[in-house]
Amino acid sequence: MERNKGINMSFEAMRWASEQQAGASINKLLLLLLGNYADQNYECFPSIGKLAKMAEASESTIRRSLRDLEARGLIKINERFQAYGDKHRQTSNTYILQTGCQIDTHQAEQVLKHSLSLYKGLEDSKVDTYDDDDDSLLSNRELLRAGSQLHECGKFISQQRFHHHSFYIISNSRLLGFSQKERLIIGLIARFWRKGTLRLIREDYKFLSARDVDRIQLLSSLIRIAVAGNRTRKGLIDNLYLSKIKSDFYLHIKLKNPKIPIRVDFQKIETEKSVLEKILQKDVHLEVLS
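As structure tokens, this is what we get:
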């Protein structure tokens, strides 16, 4: 019975692994191998050498891939030690599959970096950002930080319409340190960055003022552009920055490596800036900086 239970958990872990976006083929293979070894707690402890042999890859490649999987929030790595007399010697690590609500941490960090930079550009351009210094509510930067970190959390439920799931998870979870209104605002940012046009149901209005609605629309539009700036998820763009020259707005795109084309990311930014243009009631011109 226990053997069958272990086999069933291994199949469940491999099914979960097969559905994840691991970022590279070697990462996906390694995640499947870890799923194959996983116990009922989704934990396993194969050695680096064993994983390298199974994946037909070098040990350095395996170590690099494991670090990447941990950075993406797909696994947690715990070091293990055994006592030998007065000393402790490290043995194989324990790998824990993070089968809960998955977040692509690389993407979240890129989106946060770009959205905060875009927001600073609006502040420097003296645009009304609807941040009214209300001590009872998070600042725009804090809302952007939360929205960027959680904007894809709904993918845990389904890839389809995940922005709706993100809203539900955030607004209905007991997030420590956040008020009900703050959870609602963060949830709406996570929902409408992808949809573009903010449409609220009657229940939402009893918590939100007209400026709150404008604030959500503005911050959502910044995350929309920030996500577009890493459409390929390769981190090709080093920075996005908004500036106002006379009466015109410019979105400056600084490249990490001018030799690597950013056609996909650039085209996505060009498309997604339309929501911000509607808010500013101005065209936003793109400028690529090497």
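When you number the sequence shown by the numbering used here, it's gap-free, plus one each residue, and the end is 985.
Ideal Cβ placement from N, Cα and C applies to all residues, glycine included.
Please read these numbers as outputs of a predicted model, since none were measured by experiment.
Among the options, which has the Cα closest to the Cα of residue i?
i, options, result
"D861", "S874, Q875, Q844, K876", "It should be noted that the sequence gives Ser, not Asp, for residue 861. Measuring from the Cα of S861, the nearest candidate turns out to be Q844."
"E738", "G744, N773, K968", "N773"
"Q912", "F857, I865, G842, D763", "G842"
"H809", "D978, S985, I964", "I964"
"V983", "K949, Q715, S812, R710", "K949"
"K723", "K771, A712, R906", "A712"
"I955", "L981, S820, D828, T927", "T927"
"Q735", "S942, P953, L792, K951", "L792"
"G730", "G718, E714, A719", "E714"
"R910", "I865, G718, K929, D828", "D828"
"T824", "Q962, V908, I940", "V908"
"C848", "M749, D978, S904, L883", "L883"
DSSP puts residue i in a beta bridge; with which residues?
i, result
"T789", "N773"
"E738", "I791"
"F944", "K939, V979"
"I932", "L950"
"L984", "K949"
With the cut-off set at 8 Å, would you say residue i and residue j are in Cβ contact?
i, j, result
"I881", "L832", "no"
"I757", "L769", "no"
"I721", "S753", "no"
"Y814", "N788", "no"
"L807", "R767", "no"
"H858", "R889", "yes"
"I957", "L931", "yes"
"G816", "D763", "no"
"S820", "K939", "yes"
If you draw a straight line from the alpha carbon of residue i to that of residue j, how long is it in whole angstroms?
i, j, result
"H846", "E765", "19 Å"
"D826", "Y790", "43 Å"
"A921", "L725", "30 Å"
"E877", "S853", "24 Å"
"R886", "A803", "15 Å"
"F944", "K850", "34 Å"
"R775", "S874", "39 Å"
"Y732", "Q716", "20 Å"
"S742", "L946", "48 Å"
"N699", "D799", "Summary for N699: the model assigns pLDDT 39, below 50, so the residue's position carries little reliability; its value from the coordinates is reported in the next sentence. In a straight line, the C-alpha of N699 is about 33 Å away from that of D799."
"E967", "M709", "36 Å"
"F740", "R856", "36 Å"
"N952", "G924", "14 Å"
"V822", "Y863", "31 Å"
"V959", "K929", "11 Å"
"S969", "V979", "8 Å"
"S985", "K771", "37 Å"
"Q805", "I865", "20 Å"
"D830", "F902", "16 Å"
"I702", "L727", "For I702, the predicted structure reports a pLDDT of 40, less than 50, and the residue's modelled location is therefore unreliable. A value from the coordinates is still provided. Approximately 14 Å, taken between the alpha carbons."
So is the beta-carbon of residue i under 7 Å away from any non-hydrogen atom of the ligand NAP?
i, result
"K890", "By its list of ligands, the structure shown contains no ligand whatsoever, and the ligand NAP lies outside what it can speak to."
Should the segment 863 to 876 be regarded as contacting the segment 925 to 945, the criterion being three or more beta carbon pairs within less than 8 Å? no
At a cut of 8 Å, does the segment 969 to 977 reach the segment 909 to 925 through at least three beta carbon pairs? yes
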